[in-house]
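*Asks:*
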Amino acid sequence: MNNGRKEHTFQWFVENYSYCWHKNGEWLRSPTFTIGGLGGTAWYLGLFPRGYRDEDRGNIYLFLCRIANDAGPEYFSVKYELSLLAVDGSALQSRKFEGKFTNNSIMGIYHFVPTDEVNLLTKGEYLPNDTLCVCCKMWKGEGDVRNGEQISARTRILIEKISFLHVVENFSTLQPNVKKTIKIRSNSVAGGFLTISLYYTDGSCEEKMIIEIVSFDDKKILHKCGISLLEGSGDIIKCEGPDYVYDAARINIQKLPLSLTRRVILDRKSEYLPDDKLSLLYECTFSLGLISWEIEETRHELPPAVIKQKK
1 MNNGRKEHTF QWFVENYSYC WHKNGEWLRS PTFTIGGLGG TAWYLGLFPR
51 GYRDEDRGNI YLFLCRIAND AGPEYFSVKY ELSLLAVDGS ALQSRKFEGK
101 FTNNSIMGIY HFVPTDEVNL LTKGEYLPND TLCVCCKMWK GEGDVRNGEQ
151 ISARTRILIE KISFLHVVEN FSTLQPNVKK TIKIRSNSVA GGFLTISLYY
201 TDGSCEEKMI IEIVSFDDKK ILHKCGISLL EGSGDIIKCE GPDYVYDAAR
251 INIQKLPLSL TRRVILDRKS EYLPDDKLSL LYECTFSLGL ISWEIEETRH
301 ELPPAVIKQK K
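Start counting the sequence shown at 1; every next residue gets the next number (full-length UniProt numbering).
(1) Report back the beta-carbon spacing between residue 299 and residue 117 to the nearest angstrom; my notes put them in contact at under 8 Å.
(2) What is the DSSP secondary structure of residue 1, reduced to helix, strand or coil?
(3) For residue 1, does the count of other Cβ atoms within 10 angstroms reach 16, so buried, or fall short, so exposed?
(4) Would DSSP call residue 17 helix, strand or coil?
(5) So, at 6 Å on beta carbons, what are the nonlocal neighbours of residue 83 in its own chain, with the 5 sequence-adjacent residues on each side left out?
(6) Spatial neighbours of residue 114 within its chain, please: C-beta separation below 7 Å, excluding the five flanking residues on both sides.
(7) Identify, in the order they occur along the chain, each residue of the same chain with its Cβ nearer than 8 Å to the Cβ of residue 236, setting aside the five sequence neighbours on each side.
(8) State buried or exposed for residue 198, treating a residue as buried only when at least 16 other CB atoms are found within 10 Å of its CB.
(9) Can the beta-carbon of residue 292 be found closer than 8 Å to that of residue 158?
(10) Check whether the stretch 31–44 and the stretch 61–75 are in contact - that is, three or more C-beta pairs closer than 8 Å.
(11) Are the stretch 169–189 and the stretch 26–40 touching by the rule of at least three beta carbon pairs closer than 8 Å?
(12) Looking only at its chain, what residues have a beta carbon closer than 6 Å to the beta carbon of residue 152, apart from the 5 residues adjacent to it on each side?
(13) With DSSP collapsed to three states, give me the class of residue 7.
(14) Three-state secondary structure (DSSP) at residue 329?
(15) Can you round the beta-carbon distance between residue 194 and residue 214 to whole angstroms, since I take them to be within the 8 Å contact cut?
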């Protein structure tokens, strides 16, 4: 009599996914998991956010790996499905596989989904609350599906948000290409300082304002920088800075133009330059090149009615 197949599920949540710093060829790894019904084998999921090889740029590579030196047999055959899930649990992308794994063997697909589809085109579906949900279902045999073990794990890409005020005194007397620089301390686990410089160029009649932001920690990458001008009245004028959080290529913002030119600021001196002071408010978000991870929950073959109540 065929009692059906036990379908085991591993869900992996990656928080702050859009801040992943990984270049082409760099990857994220899930916590290792074991499932009682799979012969003592141990596994993890791997994900290359910007592709594995040069020819894979612009695509996410997702794979399943059996770890070395687990307690399972030398060869272990299993069927499995890799998916990216929406917030309601439905599959946005899904691929099924069947393979015979040895220790430390990997199976997956190099072009699982285009990076831009996740990061830009449909980011609201793939990244609710900026969290990517990767699902791996594993089973042996055929027949009706019965619930096996359910494991959930979480990886958090660590970020730091830093807000500060940069006041440039005697703005009207500032000379071209002369930098006004301040230093800001970081209180993250990575520590260090930022240097922020403001100057204007003399290459055009508009006199473009340029901002440079440099971190003393090479691992700290600036993904997003919002800049506002604080008027003498207390009103805030947004000078939108670039947001490279969802860009397919890893970009570390180091130099950016202010949307207001020096000429525009001087023309509105009474509003923008009280006491000849330019006050800029910065809101910067960095990825720290660090992650935390954990297994959050394991459910051992609970009845469907119990699982439904727990959702």
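Beta carbons: idealized from backbone N, C-alpha and C, even for Gly.
Small disclaimer: the values here were computed from a predicted structure and weren't measured.
*Replies:* Once the coordinates are examined:
(1) That pair is no contact at about 31 Å.
(2) Residue placement at residue 1 cannot be trusted, given a pLDDT of 45 that sits under 50; what the coordinates show is reported in the next sentence. Residue 1: coil per DSSP, three-state reduction.
(3) Bear in mind that the predicted position of residue 1 carries a pLDDT of just 45, short of 50, making it unreliable; the figure below should be weighed with that in mind. The residue is exposed, with fewer than 16 neighbouring Cβ atoms inside 10 Å.
(4) helix
(5) 91, 94, 135
(6) 58, 59
(7) 228, 229, 230, 281
(8) buried
(9) yes
(10) yes
(11) no
(12) 11, 296, 297
(13) strand
(14) Outside the displayed span of the chain (1 to 311) sits residue 329, for which this structure offers no information.
(15) 7 Å
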